[in-house]
Structure formats: C-alpha cells, structure tokens
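Numbering (this note's numbering), first residue to last: 203 to 531.
So the structure is just underneath, and the comments pick up after that.
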Ligand SMILES: NC(=O)c1ccc[n+]([C@@H]2O[C@H](COP(=O)([O-])OP(=O)(O)OC[C@H]3O[C@@H](n4cnc5c(N)ncnc54)[C@H](OP(=O)(O)O)[C@@H]3O)[C@@H](O)[C@H]2O)c1
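Structure follows, in structure tokens:
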C-alpha cells in the first residue's frame with residue numbers, strides 16, 4: 203500500500219478510506235465490524251464516519267450515531283490502526299441547536315462522537331456542510347477549543363467550495379486558529395463539478411478525500427441498459443440514494459466500460475483510478491458491503507490509466523460546464 207500525505211496534516215493515509223454510511227443497515231453490525239478488521243488487514247488505515255450515519259434507516263433529522271458506535275466497537279482493541287474521521291453539522295434532531303456549525307452544537311457533538319467511538323481523540327474532525335446561519339469565525343473558534351482540549355487532532359471541511367476553504371484559511375490566519383487540512387467533496391467520472399477547485403487545494407496543502415467515486419455503485423458495471431437492477435444492490439434496495447438510470451447515463455457507462463476493457467480491468471477499478479489520478483486527491487472514501495468490494499478498491503490503487511485515455515474520457519464524461527473560467531479565458 204502506497205500511503206499518501208493528507209494535506210498539511212502530516213498524516214499518512216491509505217489511498218482508500220473506508221466509508222461507513224451503510225453500516226447498521228444494510229450491513230449488520232457484526233459484518234461491519236468484520237469489514238473494518240478486514241480493511242485493516244489489507245493495509246487501509248483511514249475510516250470515514252459521521253455523527254448522523256445510521257445506514258438506510260437515516261432520514262433528515264434522525265439521531266444517527268449507529269455507524270460511530272460500530273467503528274468504536276471495531277477499534278476498541280486496535281485504535282492505533284486507524285485514522286478516524288468523523289463529521290458534525292447535519293441535523294440530528296428537530297431542534298434549532300440540533301444541527302449546524304454553532305459552538306453549542308459542535309462542542310456537544312464532539313463529546314457524543316468521542317463517547318460512541320470509545321476514544322479520547324478524533325484524528326480528523328470534519329464540518330459536514332456549510333452553515334449559512336453561523337459565522338465561519340464562530341465555527342473555527344469552536345474547532346480550536348476542541349483541538350486545544352485534545353479532543354480532535356485535525357480539522358477538515360466537506361461539501362465546501364474553494365472560496366469557502368479560502369475564507370476559512372484567512373480566518374485561521376487572522377484569529378490564530380487551526381488550518382483546514384482536508385476537503386471531502388463528491389467527485390467521480392460522472393460528477394466533476396469540483397474539478398476547478400482542485401488546483402487551489404494543491405496550492406494550499408489541502409488533501410482531497412472524494413466521496414462517491416463509484417457514484418453509489420453505478421461505476422461498477424453491475425447495472426445494465428434495459429435490465430432491472432440486480433437484487434442486493436443499492437438501486438434495488440435504496441433507489442433514492444442513487445441516480446436514476448436512463449439512456450444518457452448508460453451511454454456514458456458503456457463508453458467508460460469499453461475503455462476499461464482495453465486495459466482488461468473492471469470498470470470499478472478503472473473509475474477509482476481515474477479519480478485518484480486527479481490533482482490533490484489523497485484518499486477516496488469508498489462505501490462497501492462485502493470484502494470483495496474492499497479488495498476491488500485496494501486493487502484500483504495500482505491501476506494506471508494510459509495518457510491517451512484521458513481525452514477520450516473527457517469526451518464521454520465532459521468536465522462540468524463553467525460560465526466563466528478565468529484560467530482559460
Ligand atoms: N461528506 C458527505 O457529505 C458524504 C456524502 C455521502 C457519502 N459520504 C462518505 O462516502 C462513502 C461512500 O459513499 P457511497 O457509498 O454513497 O458511494 P460509493 O462509494 O460510490 O458507492 C458505494 C456502493 O457501491 C457498491 N460497490 C462498492 N464497491 C463495489 C464493487 N467493487 N463492485 C460492485 N459494487 C460496489 C456498493 O453498493 P451495493 O453493493 O449496495 O450496490 C457500495 O455500497 C460513505 O460511506 C460515506 O462515508 C460522505
């Protein structure tokens with residue numbers, strides 16, 4: 203396993219980070235614990251969770267906590283084997299203080315996460331989504347307090363654009379708080395909107411940990427045009443968590459599959475390899491249900507896409523349209 207440095211954090215992480223959003227259901231606790239142990243055995247040293255994750259049972263404002271508890275149980279006797287990332291900010295109840303990035307919510311939730319994770323520190327604490335109601339200065343102050351208390355070691359942001367990362371870096375400089383070290387964004391061959399932010403992350407020492415690099419399983423070849431989704435897949439079990447499969451999508455999927463076929467690798471490994479080859483990409487947060495899926499993701503880290511494929515992929519899955527790109531005029 204070739205470990206990569208996570209931004210300016212100094213942490214060395216595996217190029218695959220174990221996602222936990224499906225832990226609890228459909229992946230039962232015992233299986234999820236086993237998957238975490240198997241991931242460690244394969245060299246993965248990075249796990250991603252969130253205070254709200256509770257598998258398919260999750261709804262907007264549900265209390266969450268299930269995935270963190272599972273991670274805590276799995277790592278009780280092997281805490282030092284994993285860099286733990288968890289998140290705060292999504293609603294965990296209906297009340298006004300049960301969501302967002304205020305100091306009240308952050309400082310309460312960090313304690314709850316620590317308890318569920320059965321640890322006394324979180325390696326990477328991530329603000330899950332932007333919160334327009336709370337000044338970024340306030341959020342950073344709360345993060346700084348948690349850091350000085352030793353409850354968290356590093357601070358990351360998720361679903362924020364480069365200009366928001368930039369603002370947070372300015373504030374850190376102005377008020378002397380911690381610098382953001384990572385950015386977790388949706389990114390795959392099918393979803394490239396954040397591509398224009400990547401050079402900023404390279405320049406400022408922010409490691410990118412993309413999520414849904416398999417686009418929920420669409421980029422694995424398991425869904426076929428004109429056929430119903432196979433049993434036991436996300437599209438069959440939880441269709442609201444995956445894109446609708448229409449002809450335009452299958453045109454792209456079949457184009458990617460043809461190129462993957464030229465290399466003789468599964469489309470899943472080919473797609474993950476493409477994402478990992480993009481600037482600032484450090485560790486892909488991959489969701490898994492079975493050991494073979496972890497093994498497949500690990501294999502992807504050693505696939506190399508030939509230079510001539512990149513232009514072909516751009517034709518099949520064009521970069522996101524941008525009204526004015528100052529870099530290109
Ligand atoms: N920061 C955020 O806002 C945010 C948002 C979403 C997710 N995340 C993180 O990112 C992680 C991944 O998200 P995700 O699970 O939605 O996306 P994903 O990694 O693109 O998709 C994972 C799903 O694809 C299927 N799969 C994985 N490997 C496969 C393989 N080799 N062959 C065939 N199918 C395979 C599995 O589903 P089936 O077997 O059921 O088909 C698996 O559950 C989450 O667990 C979470 O930690 C973060």
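Yeah, the Cβ is synthetic: ideal placement off N, Cα and C, and Gly gets one too.
Remark: the C-beta of residue 413 is in contact range of ligand 1, defined as less than 7 Å to any heavy atom. Counting along the chain, residue 219 sits inside the beta strand (DSSP E) bounded by residues 218 to 221. For residue 472, the enclosing alpha helix (DSSP H) begins and ends at 469 to 478. Judged by DSSP in its simplified three-state form, residue 260 adopts coil rather than helix or strand.
For residue 318, the number of other beta carbons within 10 angstroms of its own is at least 16, and it is reported as buried.
For the region 317 to 370, the full-length beta strand (DSSP E) segments reaching 3 residues or more read 324 to 329, 354 to 360 along the chain.
Proximity of the beta carbon of residue 325 to ligand 1 is not indicated: no heavy atom of the ligand is located closer than 7 Å. The criterion of a C-beta distance shorter than 8 Å is not satisfied by residue 498 and residue 480. For the pair of segments examined, the region 327 to 345 was found not to touch the region 426 to 434: the number of CB pairs separated by less than 8 Å stays below three.
Distances taken from the Cβ of residue 385 to the heavy atoms of ligand 1 include none shorter than 7 Å. Taking 8 Å as the cut-off, the Cβ atoms of residue 360 and residue 289 count as close. Three or more beta-carbon pairs drawn from the region 490 to 507 and the region 226 to 241 are found closer than 8 Å, and the two stretches are therefore classed as touching. Pairing residue 231 with residue 314, the inter-Cα distance amounts to about 19 Å.
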